[in-house]
Each structure stands twice: as structure tokens, then as C-alpha cells.
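Protein chains: 2
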Amino acid sequence: MVVEASGRGQAMTGVGRRSENRTAGDGPIGAAAGTAADRAYDALRSAIVEGELAPGAPLTEVEQAARLGVSRTPVREAFARLVAAGLATERGPRTLVVSDIDADDVAALFDLRRALDEQAARLAAARVLAERTAAPGLAPTTISAAATAADEAPTAAAFRAIAERFATVTPAVLQGDDPQRHGYYALVAEFDAALDAALSTSPYLAAAIASTRVHLARVRRLARDDDARLADSAAEHGAIARAISDGDGERAAAATRLHLHEALTSIHRHLPRPGAARRAADRRPEETS
Amino acid sequence: MVVEASGRGQAMTGVGRRSENRTAGDGPIGAAAGTAADRAYDALRSAIVEGELAPGAPLTEVEQAARLGVSRTPVREAFARLVAAGLATERGPRTLVVSDIDADDVAALFDLRRALDEQAARLAAARVLAERTAAPGLAPTTISAAATAADEAPTAAAFRAIAERFATVTPAVLQGDDPQRHGYYALVAEFDAALDAALSTSPYLAAAIASTRVHLARVRRLARDDDARLADSAAEHGAIARAISDGDGERAAAATRLHLHEALTSIHRHLPRPGAARRAADRRPEETS
DNA sequence: CATGCTCTCAATGTATACATTGAAACCGTC
DNA sequence: GACGGTTTCAATGTATACATTGAGAGCATG
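Residue numbers (this note's numbering), protein chains in the order written: chain D, 17 to 305; chain L, 17 to 305.
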């Protein structure tokens with residue numbers, strides 16, 4: 017069954033197994049983690065995303081085991097997770113390499129993002145509506161149910177607050193080199209977290225979305241956005257958040273679609289190959305030079 | 017970052033690593049496979065899908081190693097894949113159990129399916145259009161380019177043929193107990209394969225879709241469809257295939273949405289808990305008898 | 001000099017031995 | 001008799017040793 021999926025562009029997984037159970041205060045850097053397999057996976061993932069391990073670089077168990085100071089067994093498990101996450105690809109029967117990522121991959125990744133993020137926006141807005149009808153006249157004075165109230169309708173409030181903070185991101189603010197950008201990306205991360213929270217009843221969708229974020233981090237590194245694009249992106253995010261907080265699913269989906277279109281366009285503008293090179297090479301026109 | 021995804025309903029992955037490289041003729045049954053890890057994974061996945069390993073059953077390395085006749089190492093890798101596929105869940109720090117699947121899970125799974133399958137239908141239809149414009153007056157007499165021609169516009173033809181075969185599936189045909197049902201499911205599998213082929217340029221989406229099919233197989237076992245539903249489902253599949261072969265993306269997406277809605281409704285009708293039990297339990301209305 | 005074969009080797013695949021850890025049973029004490 | 005501590009044990013986590021296999025270098029031969 018199931019035609020093999022072309023070659024690259026592996027899987028859509030994530031939901032870190034036992035990762036990021038950082039105890040918030042291990043060492044100077046966040047180097048230590050739970051098990052050795054977790055450390056190995058985190059280190060390798062980070063290295064791939066940061067570009068230290070270039071696309072196409074071979075991943076051998078012995079070498080990485082030596083580099084990370086663990087035995088082959090945890091490295092083996094880490095490799096398996098990398099393959100599941102799509103960050104590594106099996107080339108040949110016994111060769112594992114860092115997955116390549118080019119313009120075609122980005123386009124393919126966005127084919128998936130469109131589907132996932134639009135649905136997520138719709139569902140988040142629907143949740144806002146559901147919360148609204150569930151607790152119509154909830155006064156903040158209900159003392160004994162205060163915690164319950166905070167749990168009851170957080171979605172709208174969270175997205176409203178995030179939308180307002182996105183509104184403060186202007187090109188002028190982004191002038192300061194890295195710290196502000198980090199702040200912006202942190203804000204995006206908060207948005208993602210709010211979305212995850214809103215998708216608590218759709219864990220499959222949430223997991224699929226989470227799995228795309230690793231690849232997006234790689235893409236982000238590949239095509240550094242300029243300040244203007246970042247400001248636009250912030251505005252687009254704000255529009256999405258506002259639509260969700262209003263419970264307007266269609267507007268949220270449309271804003272998401274717009275944002276993804278702009279993001280993809282911007283990325284392709286900054287990337288080497290514009291795309292669609294393979295089909296042109298496959299065909300065999302008789303007049304090719 | 018990234019809020020942990022609720023608990024159950026893990027990941028969306030798949031793209032079998034090196035599985036199903038069956039050499040088409042190993043033994044009497046298709047029991048033998050490539051590596052021991054592949055065999056272990058296939059065996060465990062099959063056991064879980066078939067219900068031999070019930071939801072909640074603990075998965076211990078030693079026990080499964082003994083049962084499958086391999087050592088712990090391949091079993092370990094198989095477990096990792098099961099977790100990545102969402103068929104197993106880590107309960108506690110050192111306990112792996114077969115993932116549970118109930119009505120809520122099915123609803124959550126369909127939240128993902130809606131997103132993925134609609135996008136897939138749209139993209140497949142778009143591919144049909146692209147092929148049509150790429151080779152407008154392609155005559156079947158171009159001998160030297162015959163193979164190329166067969167590769168050039170297969171999408172429309174494939175879906176057209178599948179649609180016609182779906183049209184032959186009637187309630188009367190489905191009377192014969194299992195063989196006919198198998199035939200129907202084989203037809204669905206062909207549809208899936210055609211879809212995968214059409215999604216060759218969107219491998220991320222294709223992989224995500226593939227990862228949902230395992231769970232759908234479990235659901236199928238849970239809620240056996242009656243003949244009437246199967247016939248309806250065949251008609252719905254046929255409508256989707258026809259829309260794709262016509263290159264009508266919106267119609268294909270709408271037909272997909274309809275099919276998924278009907279399928280989910282039918283499943284919930286056959287499943288123990290209708291769903292949405294958690295929220296009702298969380299809330300504390302004062303007048304709940 | 002080109003070509004095919006063999007042979008070595010390095011890497012994975014597998015098995016097993018050792019370390020670690022969490023839980024449950026058991027026992028002693030209050 | 002209940003409770004707390006201790007101890008045992010079974011399971012995973014890790015390391016390493018052995019088996020297997022594919023690729024490449026090297027060599028012999030046409």
C-alpha cells in the first residue's frame with residue numbers, strides 16, 4: 017500500500033517525548049537534561065536547526081556518540097527521533113544524513129501549514145465562542161470559583177492580550193538588532209502556546225502543528241527576515257489573534273491564509289532557488305540547448 | 017515553550033522507515049521482513065490495530081522481546097516508533113502502554129483529517145489542472161514519448177477510473193460478507209495511493225496523511241460500518257475522485273468535508289461514548305439532577 | 001591500461017551485561 | 001492494628017561486545 021513519499025520531506029511528528037522537562041535551573045547553560053537520549057536528541061536537533069550540522073552531512077552513530085560523550089544506544093534513539101521528525105533522512109540502506117531543505121521543501125511544508133494553521137485558527141475561534149456561551153455572565157467576583165473562572169474563558173482574553181502586544185511591534189521597535197527580534201520571536205512563541213492551549217481538545221492537530229515548528233525554525237535561519245517583513249508579520253499575527261479572540265473563525269482562517277502567503281512569498285524572495293526546478297528537469301523537451 | 021499536548025493523542029508521523037519492502041514472496045504468510053526492528057514494529061502495530069493488544073495494556077521490553085523472539089534492542093526501537101506514531105503512550109516515567117482511543121479521540125483525529133484531506137483534495141485537483149495545461153493536445157501516438165505521456169497526466173485518468181469503480185459498489189454487492197468488504201477497502205487503499213501519487217510535490221502533507229491512516233484503521237475496527245454506510249461511503253469517495261479528476265478543487269474539498277462529516281457521524285453512532293463527556297464533567301452546573 | 005574480482009574495513013544491526021531507579025512488598029516499631 | 005522505613009526486585013537506561021553487510025580500495029588479469 018501507500019506510495020512512498022517521494023524521498024525527502026519525511027514525517028510530521030513531534031510532541032517531544034520527555035524533552036523540555038527542564039527543571040528550570042540546572043547549570044549555567046541549559047545543557048543538562050533528563051536521559052542521555054534526550055540530551056543527544058536535543059543537541060542534535062539544535063545543531064541541525066542552527067546549521068552546525070549542514071544539510072547532507074552524514075550522521076554516524078560512533079561519531080556522534082563520541083562527540084556527545086554517550087554510547088551508541090542513546091544516539092541510536094536520538095537518530096530515530098530525528099528521522100521521525102524529518103530532520104534526518106535515510107540515504108541508502110545504512111546511511112543517515114541531515115535532511116536537506118530547499119525552496120521546494122519550503123513550499124511543500126507550507127502546503128501542510130496552510131491546512132493545519134487554518135484549521136487551528138478556526139477551532140480556536142470556535143472555542144472562544146463555546147466558552148462565551150458556556151459562561152455568559154460570569155462576574156469576576158465569584159470568589160470560590162475564581163480559579164475555575166480563570167480556567168473557563170481564557171482563550172479570548174489570551175488572544176486579545178497577545179494581539180495588543182503584537183500591535184506594539186513596529187519597524188522602529190525592531191531597529192535594535194537582536195534583542196528585539198528575540199522579543200518578537202518570543203511573542204510568536206506565546207501566540208503558539210496560546211494556540212496549543214486552545215487546541216487542547218484536538219491533540220492530534222496540535223501535535224501535527226508542533227511538528228512543523230521545528231522545520232519552520234530551520235527555514236527561519238535559512239531566510240532571515242528583514243525588519244519590514246517582521247513588522248508586517250507582527251501585524252498579520254495580530255490580525256489572526258484578534259479574529260480568534262472575537263470568535264470569528266472564518267476571519268481567523270482568512271488572516272492565517274494571508275499571513276502564510278506573505279510569509280512564503282517573503283521566504284522565496286530570500287531563498288536561492290525560487291522553486292519548481294525539478295519538474296522542468298524531469299521533462300525532456302527536444303529543444304533544450 | 018510549547019504546551020504539552022494534553023496527554024493522549026500523540027503524534028502525527030509515519031512514512032514507514034524501511035518497512036513494506038516486502039520482496040513479494042518470502043514465506044507462506046507475509047511474516048518475514050527486513051530487520052528485526054521492522055518485524056517487531058510491524059508485529060506490534062498489527063497487534064495494536066487488530067486489538068490483540070488492548071488499549072491500556074502495558075508494553076514491556078522484555079515481554080515483547082520474548083514474544084517476538086528478538087532481543088530488547090529492536091523492541092526498543094519499535095517502541096520508539098510506536099510512540100512516534102501515537103499508538104503507544106508513555107504513562108509515568110517508565111511505563112509504556114497501548115494508547116487508548118475513544119470517541120473524543122476520534123473527534124480529535126477528525127479535526128486533523130478535515131484539515132489534511134481537504135487540502136489534499138484541493139492540491140490533487142490543482143495537479144490535474146496543471147497537467148492539463150502542461151500537455152494540452154497530447155496525442156497517444158507519440159511513440160518515443162509514450163512512457164513520458166503515461167507519466168505526464170496520470171492523475172486525472174487514475175481518479176476517473178477509481179471513481180467509476182466506486183460507482184459499482186452498491187449495497188447489493190456488499191452483501192457477501194468479508195471478501196467484498198475487503199475489496200471495498202482495497203479500493204479505498206487504491207484511492208489513497210492515487211492521492212499520495214498526486215501529492216508527490218507535497219511530501220510533508222502526504223506524510224501527515226499517511227500517519228493518520230493507522231489510527232483510522234483502529235477506528236474502523238472499533239466501529240464496524242454496516243453495509244449501508246459502506247455503500248454511502250463508496251458514493252462519497254466516488255464524488256471526491258470525480259471532482260479531483262475534473263480538476264475542481266473546491267468541489268473536491270467540499271465532497272471531502274461531506275464524506276468526513278458523514279463518516280464521523282456514523283462512527284459516533286456506533287461508539288460507546290458519543291463524545292464531549294469531559295467538558296460536561298468539568299463544568300459544575302448547579303442544577304444537574 | 002582498463003576491467004573485474006576479492007578482500008578488507010567501517011558502519012550498522014543485534015544481543016547481552018551492567019547501572020539505575022521507582023515501586024511494591026515486607027517487616028519492625030509505636 | 002496502623003504507619004513508616006527498609007529492602008528487594010523488576011523494569012528501563014546505558015554501555016559494550018559480537019554479527020552482518022555494503023562499499024571502497026587494492027590487486028590480479030585480459
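C-beta: ideal position from N, C-alpha, C; glycine also.
Note that the structure is predicted; figures quoted are calculated from it, not measured.
- Within the stretch 220-231 of chain L, those residues whose Cβ lies closer than 7 Å to any Cβ of chain D are, in chain order, Tyr-220, Leu-221, Ala-222, Ala-223, Ala-224, Ala-226 and Ser-227.
- Of the other Cβ atoms in all chains shown, 16 or more fall within 10 Å of the Cβ of L/Thr-171; this residue is therefore buried.
- Each of L/Ala-173, L/Leu-232 and L/Arg-97 was checked against the Cα of L/Arg-129, and the nearest Cα belongs to L/Leu-232.
- Taking a C-beta distance under 7 Å as the contact criterion, L/Leu-215 and L/Ala-222 qualify as a contact pair.
- Assigned with DSSP and collapsed to three states, D/Val-99 falls in helix.
- Contacts between D/Leu-203 and chain L, judged by CB atoms closer than 9 Å, are missing: the closest CB pair is about 12 Å apart.
- Looking only at D/Leu-246, D/Glu-134 and D/Ala-94, the smallest Cα-Cα distance to D/Gly-199 is reached by D/Leu-246.
- Boundaries cannot be given for L/Glu-68, as no alpha helix (DSSP H) includes it and DSSP labels it neither H nor E.
- In the DSSP assignment, the residues bridged to L/Leu-112 are L/Glu-106.
- Contact between the stretch 121-138 of chain D and the stretch 134-148 of chain L is present: 3 or more CB-CB pairs across the two stretches fall below 8 Å.
- Taking 7 Å as the cut-off, the beta carbon of D/Ser-62 is found no closer than this to the beta carbon of L/Asp-127.
- Here the alpha carbon of D/Gly-254 sits roughly 29 Å from the alpha carbon of D/Ile-117.
- Boundaries of the alpha helix (DSSP H) harbouring D/Val-235: 219-238, taken from the DSSP string.
- Taking the C-beta atoms as reference points, L/Ala-146 is found no nearer than 7 Å to L/Arg-258.
- Taking a contact as a CB-CB distance under 8 Å, the pair L/Pro-90 and L/Ala-56 counts as one, their CB atoms being some 5 Å apart.
- The alpha-carbon of D/Arg-240 is positioned some 46 Å away from that of L/Gly-72.
- Excluding its 5 nearest sequence neighbours in each direction, D/Glu-106 has C-beta neighbours in its own chain below 7 Å: Val-99 and Leu-112, listed in chain order.
- Taking a 10 Å sphere around the C-beta of D/Thr-228, we find 16 or more other C-beta atoms and assign the residue as buried.
- Under DSSP, D/Pro-74 takes part in a beta bridge, and its partners are D/Val-113.
- Under the DSSP assignment, L/Val-144 falls in the alpha helix (DSSP H) whose first and last residues are 119-150.
- Straight through space, the alpha carbons of L/Ser-249 and L/His-275 are spaced by roughly 7 Å.
- Interface residue (Cβ-Cβ distance to chain D less than 7 Å): L/Ala-96 is classified as such.
- At least one C-beta of chain L is nearer than 7 Å to the C-beta of D/Ser-218.
- Under the Cβ criterion of 7 Å, L/Leu-128 is counted among the residues facing chain D.
- Here the alpha carbon of L/Arg-92 sits roughly 19 Å from the alpha carbon of L/Ala-70.
- For D/Leu-125, at least one C-beta of chain L is nearer than 7 Å to its own C-beta.
- At a cut-off of 7 Å between beta carbons, D/Ala-100 contacts chain L.
- In the displayed model, D/Asp-264 falls within coil according to three-state DSSP, outside both helix and strand.
- Residue state for L/Thr-184 is assigned as coil, using DSSP reduced to three classes.
- Residues of the stretch 69-84 of chain L with a C-beta atom less than 9 Å from some C-beta of chain D do not occur.
- Excluding five sequence positions before and after L/Ala-210, the CB atoms of its chain that fall closer than 7 Å to its own CB belong to Ala-174, Phe-175 and Ile-178, given in chain order.
- The three-state reading of DSSP puts D/Leu-280 in helix, counting H, G and I together.
- Judged by beta-carbon spacing, D/Ala-52 lies within the 7 Å limit of D/Val-86, meaning their Cβ atoms are closer than that value.
- The C-beta of D/Asp-242 has fewer than 16 other C-beta atoms within 10 Å across all chains shown, which makes the residue exposed.
- Rounded to the nearest whole angstrom, the C-alpha separation of L/Ala-202 and L/Ala-150 is 31 Å.
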